[in-house]
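In the numbering used here, the protein residues as written are 6 to 448. One structure is given here, and the rest of the page talks about it.
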């Protein structure tokens, strides 16, 4: 959790930098489109579509699973015919949350603030109880990193799924008050708070139950049940419902704004950029994106969904890191070559580390990566206006390096799926988005 928090915090600092100078809807898509170009922006937006939609589906699937455990109803696996089942509870909660998102950003924010406060109180209660009721021997009597650092890195990369709330926040730049101050500040604070709460919760669970005995399907409630405190399981279940509901609401609001931004750039149909006359929200985008997430939830399991998110998220993080560097130094040929060198040799170094190559190989490639990075420091500065841009390229270069290492840690299966998704996105751009842009210019 700590490694995932470091990766996310570095990315959050880059997001904060861009949000302070480009306070607009669209998040990483908008930053990349404005700083680098339309095609690169589309690739980021295409990956964010997968990130937002699949994360909403995964959260709804987990929500439905908890509902099934509490009520005993098979709402997460309703038999249709033969051995085929569908998830009913997940799509229903997505529809409900989508309606809230359409009603207006103020209404959504009020509900989200109340539920988030309840969630934080429950998590703090769980952490305190876990440290009081547990046994510190569960920390000290276990081998450190029994599966090796590569598995820690892979787990951290997958767990980025839990940290992407700050990315959703940056989609609201056009609707936030004092966006150049509030969006960066909320981005950094939300990431810090999430890291502390996640790390504390994980530490509390391991404090109560030995690592190898943790119930991965219900770790918190099972940990307290083992101690004989079954009444706490009810509080945990309530907290789980509240936590997933807030995450789902933020996800649905964020993906509606993303689809709206893509439609405004003529990369998606114009109807998705229509703002509701009464509620002043992108209602069409919310309905379409919510329907897509609900459909995925109905037919695809939680585990298959969660694995698909991380690589696209890390790609978006990396592109925002590029945007910070290009915004500060401008996209001159020298900067592009140096940053390309960082990408190339950081990737090679990460592959060598993952495959456990001789230490001197990744020491050499790591040194070359560092030399390319140092070269960027000596490029002429174009702009140092905005959050953290005065600190130079240190933060975005660290973020980029960590992102690349995490991307490589996810393995070949994730890269195969990512390649297919990117290929589909490239095809859509040239057969629809690119043609629409040229058609608009001609007319």
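Beta carbons: idealized from backbone N, C-alpha and C, even for Gly.
Check	Outcome
In this structure, does DSSP put residue 472 in helix, strand or coil?	Only positions 6 to 448 of the chain appear in this structure, which leaves residue 472 out of reach.
Starting from the Cα of residue 42, find the closest Cα among 156, 294, 382, 324 and give me that residue.	324
Among 321, 300, 208, 17, which has the Cα closest to the Cα of residue 128?	208
In terms of residues, what are the limits of the alpha helix (DSSP H) holding residue 424?	417-433
Under 8 angstroms, do residue 269 and residue 278 count as touching if we go by C-beta distance?	yes
Among the candidates 167, 92, 138, whose CA atom is the shortest distance from the CA of residue 10?	167
Start and end of the alpha helix (DSSP H) containing residue 9?	7-26
How about residue 263 and residue 57: are their beta carbons less than 8 angstroms apart?	yes
Ignoring anything shorter than 3 residues, give me the beta strand (DSSP E) runs that lie fully in the segment 54-136, in order along the chain.	83-86, 89-91
Please return the same chain residues whose Cβ sits closer than 8 angstroms to the Cβ of residue 384, not counting the five positions on each side in sequence.	334, 337, 339, 340, 343
For residue 67 and residue 249, what's the separation of their Cα atoms in angstroms?	8 angstroms
Do residue 37 and residue 25 have their CB atoms nearer than 8 angstroms?	no
Here's the rule: buried if 16 or more other CB atoms are within 10 angstroms of the residue's CB, otherwise exposed. What is residue 245?	buried
Three Cβ pairs or more, each shorter than 8 angstroms: is that satisfied between the segment 344-358 and the segment 374-384?	yes
When you compare only the Cα positions, how much space is there between residue 358 and residue 235?	44 angstroms
So with Cβ pairs under 8 angstroms, would you call residue 246 a contact of chain C?	No chain C is part of this structure, which consists of one protein chain only.
By DSSP, does residue 235 sit in helix, in strand, or in coil?	helix
Between the Cα of residue 21 and those of 411, 205, 422, 401, spot the shortest distance and give me the residue it belongs to.	401
Write down every uninterrupted run of the beta strand (DSSP E) in the segment 277-331 whose length is 3 residues or greater and which is fully enclosed by it, in chain order.	none
In whole angstroms, what is the alpha-carbon distance linking residue 350 and residue 29?	33 angstroms
Just curious, the alpha helix (DSSP H) that residue 35 is in, first and last residue?	33-40
According to the Cβ coordinates, are residue 2 and residue 302 closer than 8 angstroms?	Here the chain comprises residues numbered 6 to 448, so residue 2 is not present and cannot be evaluated.
Let me know the secondary structure DSSP gives residue 270 once reduced to three states.	coil
So residue 378 is in the alpha helix (DSSP H); what residue range does that whole segment cover?	364-382
Can you tell me whether residue 421 is buried or exposed? The criterion is at least 16 other CB atoms within 10 Å of its CB, across all chains shown.	exposed
So the candidates are 411, 193, 76; which of them puts its Cα closest to the Cα of residue 158?	411
The alpha helix (DSSP H) spanning residue 139 covers which residue range?	Per DSSP, residue 139 belongs to no alpha helix (DSSP H) and is neither H nor E.
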